[in-house]
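Counting from 10, one number per residue, gives the positions in the sequence shown under the working numbering.
Presented below is the structure to which this report refers.
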Amino acid sequence: MEYKNNMPIYLQVMEDIKARIVNGEIALGQKLPSSRELAVQYEINPNTAARIYSELERDGVTFTKRGIGTFVTEEPWMVTKMKEEAVSKVVEDFIQTMESMGFNSEEILKELQKKI
Numbered sequence: 010m011e012y013k014n015n016m017p018i019y020l021q022v023m024e025d026i027k028a029r030i031v032n033g034e035i036a037l038g039q040k041l042p043s044s045r046e047l048a049v050q051y052e053i054n055p056n057t058a059a060r061i062y063s064e065l066e067r068d069g070v071t072f073t074k075r076g077i078g079t080f081v082t083e084e085p086w087m088v089t090k091m092k093e094e095a096v097s098k099v100v101e102d103f104i105q106t107m108e109s110m111g112f113n114s115e116e117i118l119k120e121l122q123k124k125i
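Right, dumping it as structure tokens:
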């Protein structure tokens with residue numbers, strides 16, 4: 010994975026993991042790699058990997074079974090929530106980019122309608 014300079018690495022990895030859950034690559038209830046394995050997989054510091062799992066658990070995306078490992082939530086509504094958050098971010102970023110290019114709301118809608 011190539012990291013962007015404008016966003017902390019741990020957030021980029023979290024987004025990647027969430028995207029992989031949303032698209033079904035990682036299943037609900039699936040055991041995730043250990044923090045050390047995650048660090049190797051993403052070529053990041055082990056402390057960063059631990060932070061990622063801590064943040065994902067805080068967000069309700071994962072849960073930990075002491076002595077067994079970290080698992081993806083088993084709640085289907087969480088996937089729906091992550092999907093909605095991802096779509097919202099993409100749309101907001103798109104609108105912001107278009108506005109920075111001088112387009113107003115009406116012009117943005119026209120451009121979208123052309124492409125759809």
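Think of the CB as a built atom: it goes at the ideal place given N, C-alpha and C, for glycine as much as any other residue.
Contact holds between the segment 28-40 and the segment 82-90, because three or more Cβ pairs, one in each stretch, are under 8 Å apart. As a beta-bridge residue in DSSP terms, LYS74 pairs with GLY78. Bridge partners of LYS124 according to DSSP: none are assigned. Per DSSP, MET10 lies in no alpha helix (DSSP H) segment and is marked neither H nor E. Counting only runs of 4 or more residues that sit fully inside the segment 28-78, the alpha helix (DSSP H) segments are 44-51, 55-67, in chain order.
For GLU101, the enclosing alpha helix (DSSP H) stretches over residues 85-109. Annotation for TYR19: THR57, ARG60, ILE61 place their beta carbon closer than 6 Å to its own, counting only its chain and skipping 5 residues before and after.
In this model, ARG75 and GLN39 are separated by some 15 Å (Cα to Cα).
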